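Contents: one structure, followed by commentary.
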Amino acid sequence: MLYHSTRGRSRPVDSAEAVLEGLAPDGGLYMPEELPEFDWKDCLTGSSMDMSAKILSALLPDIPNMPKLVRRAYTGKFETEDLTPTVPVGDFSVLELFRGPTSAFKDVALSMLPQLLTAAKKVKGMEKDILILTATSGDTGKAALEGFHDVPGIRICVFYPDGGVSQVQRSQMVTQEGNNVAVCAVRGNFDDAQTGVKNIFAACQDRELPFALSSANSINIGRLAPQIMYYFRAYRDLLDAGKIRLGDEVNFSVPTGNFGDILAGYLAKKLGLPVGKLICASNANNVLTDFIRTGIYDRRRPLLKTTSPSMDILVSSNLERLLYLLSEDTELVADLMKKLNTEGAYTVPAELIEKIQGEFWAAYCDDARAAEIMDRVYRELGYLCDPHTASGWAAAEDYVNQTGDKRPMVVLSTASPYKFPAAVLTAIGGDTSGSEFDQMARLSTVTGVPVPKNLASLQGKEERHTGVIDKDKMLDYVLSL
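Note that the sequence shown covers residues 580 to 1060 in the numbering used here.
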């Protein structure tokens, strides 16, 4: 299967090379020339690992032995064999994506990506080490570090915004063990770190380096593709619970900043899964809400620090893939991305935004409303959720109230509430004194919900990665590794 750049100015590559490169040389993102024919009904049979293997085999056919790779990726790492269980909460269902080794939805993809990369490296006969270069708004970093530490032939470097992640998220990264890992804070926000990573890829194209660069961000198709599975898993869970019949459409509300998680839902729909409306849930950094409602993407606004830091993003990289999928016009995509980079904004043609609005609906939720929802969902329904999930819940409520759509609704829960204990305690009226580790213990005492073992074990661990650099020093940092 050939993969093309969304900007159309790089040569086509096979799926193994697309995973290895991460970002296309012209700055675009790799997408398959056409999506494969896929038996979505057959995919609903078997375990979550079976589903994953079928989807990944279809999308990445040049990487062999996919069932074996999937088993290596997931066996023994998640709290449940389902990997991502769906639970009923009031009128909605919640897809719990935080049952993996770092308590965030990124675990599903970043447990799989190391297997895909090492297998692709073997397929292509690559002898150089691979350096995984990643920017994180909080969750990708630790999930990538957990997946890649001490993997032979692969090194990893993670940049995160200094002061822009929670204490728990920072602790997860700076205490990471492994001889092949580097973690560094960047003075700036997530968009600065993400732009810096893209600039490093561009600057290194013509350099002779002792390693090959790749990415663990969702700009890498090998990071995005494994996320498709859990939409199939949720649909199967609703079938098993008798909430739908085969063929019924299901709506999904997805908290997202970089547009990767919700794009995986759209790809599931393109593969045949009966997905109804995809609700794009943002926090107060509502650039995606404005875009989906108006067709104008404008990042020229302050980046707000919120209680849902993983969505504190103004440049949503994966939106480029959606523009490509719905326009089929690489020149248009390249022009829009150039305008975003040079002018900070772009406007899509009317017929394109009409197509987008046919598939997606958007809403946003500020910190005050997220707190209200965390409190209400806990008090009335007995379910403890984090601020990102609260944004998804808010958008789902808005959608149902404004449209009257009665199709079943699944809210994606992207992180454990224990990654953001201060925000959750504040919402439910708890005491927020002390460190975040004190807050985690108090939250567990108050609610009876156990602290995930991987988070409880962080307190007192040695900090190994304490560097902080200016954003214009990121390339120098990478070249010094």
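Every residue, glycine too, gets a C-beta built ideally from N, C-alpha and C. Just so it is clear, the structure is predicted and the values come from calculations on it, not from any experiment.
Distance between E976 and G1046, taken at the CA atoms: about 42 Å. Exclusion of the five residues before and after M691 leaves A652 and P805 as the residues of its chain whose Cβ lies within less than 6 Å of its Cβ.
Partner residues in a beta bridge of N768, as assigned by DSSP, do not exist. In terms of CA proximity to D708, S793 leads the group P987, S793 and Q936. Secondary structure in the segment 904-936: the beta strand (DSSP E) runs of 3 residues or longer, each lying completely within the stretch, are 924-926 in chain order.
For H583, the enclosing beta strand (DSSP E) starts and ends at L581 to S584. The Cβ atoms of A949 and T886 lie closer than 8 Å to each other. V747 carries a helical assignment under DSSP once its states are collapsed to helix, strand and coil.
Bridge partners of R588 according to DSSP: none are assigned.
Taking 8 Å as the cut-off, the Cβ atoms of T968 and M890 do not count as close. Under the three-state reduction of DSSP, S682 is assigned to coil, being neither helix nor strand. Along the length of the segment 960-1040, whole alpha helix (DSSP H) runs at least 4 residues long occupy 966-982, 1000-1007, 1015-1026 and 1032-1035, reported in chain order. Contact annotation: the segment 950-969 touches the segment 978-994, with at least three C-beta pairs closer than 8 Å. Separation of M808 and K656 (C-alpha to C-alpha, rounded to the nearest whole angstrom) is 17 Å. Taken through DSSP and simplified to helix, strand or coil, F617 comes out as coil. For T719, the uninterrupted alpha helix (DSSP H) segment begins and ends at T719 to F727. If you draw a 10 Å sphere on the C-beta of P1031, you find 16 or more other C-beta atoms in it, and that means buried.
Taking the Cα positions, S750 is about 24 Å away from G1027.
In the three-state scheme derived from DSSP, where H, G and I count as helix and E and B as strand, C944 is classed as coil. Under the three-state reduction of DSSP output, S889 falls in the helix class. Put simply, the segment 708-720 touches the segment 788-803. At least three CB pairs are less than 8 Å apart. Taken through DSSP and simplified to helix, strand or coil, N778 comes out as helix. Around the beta carbon of P680, 16 or more other beta carbons sit within 10 angstroms, so the residue counts as buried. Taken in chain order, the complete alpha helix (DSSP H) segments of 4 residues or longer contained in the segment 646-715 are 685-702. Under the DSSP assignment, F838 falls outside any beta strand (DSSP E); it carries neither an H nor an E label.
Rounded to whole angstroms, R880 and R650 show a C-alpha spacing of 44 Å.
The continuous stretches of alpha helix (DSSP H) do not include R734, which lies in the beta strand (DSSP E) extending over residues I733 to P740. Residue pairing by DSSP places C763 opposite F738 in a beta bridge. Of the candidates Q981, I1048 and R958, the residue whose Cα lies closest to the Cα of G1009 is R958.
With respect to the 8 Å criterion, L1004 and R1021 are classified as neighbours on the basis of their beta carbons.
For S794, the enclosing beta strand (DSSP E) stretches over residues F790 to S794. Nearest to R878 by C-alpha distance, out of D771, G743, P1029 and M630, is D771. Per the DSSP secondary-structure output, V1047 pairs in a beta bridge with A764. CA-CA distance, M628 to P646, rounds to 8 Å. According to DSSP, residue pairing for V854 in a beta bridge involves V829.
In this structure, V737 sits away from V765, with a CB-CB distance that is not shorter than 8 Å.
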